[in-house]
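Residue numbers (full-length UniProt numbering): 1 to 91.
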């Protein structure tokens, strides 16, 4: 489908709109896909809804129990690097 191609759909009596198949396939929006609907000055914008609610570090800080001394930044960096190397080695 060309980017400039205009497609037309109709709003049903229930307020439903059918998205053209080409758009659903290109976006990989299968049945049941949750979409955010945003009203913009240019029209209506549909975007995939996030799987998880947005959180801040302070919302979840300390939610996992940990025993022992806290890790240093150097230990955390080394752990991340070791895991990246492990994952890269199996690819």
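All C-beta atoms in this analysis are idealised placements derived from N, C-alpha and C, irrespective of residue type, glycine included. Quick caveat, the model's predicted, so the values are computed rather than measured.
Rounded separation between residue i and residue j - CA only
i          : j          : result
residue 44 : residue 17 : 12 Å
residue 75 : residue 88 : 20 Å
residue 85 : residue 59 : 30 Å
residue 62 : residue 70 : 12 Å
residue 15 : residue 39 : 15 Å
residue 57 : residue 31 : 33 Å
residue 90 : residue 50 : 29 Å
residue 68 : residue 48 : 41 Å
For residue i, the residue or residues it bridges with in DSSP
i          : result
residue 39 : 44
residue 11 : 17
Cβ distance (whole Å) where residue i is taken to contact residue j below 8 Å
i          : j          : result
residue 20 : residue 13 : That pair is no contact at about 20 Å.
residue 35 : residue 46 : 5 Å
Cβ neighbours of residue i in the same chain (closer than 8 Å, five flanking residues each side left out)
i          : result
residue 11 : 17
Check: residue i C-beta below 6 Å from any heavy atom of the ligand MG
i          : result
residue 68 : Among the components of this structure there are no ligands whatsoever, and the ligand MG is therefore not found.
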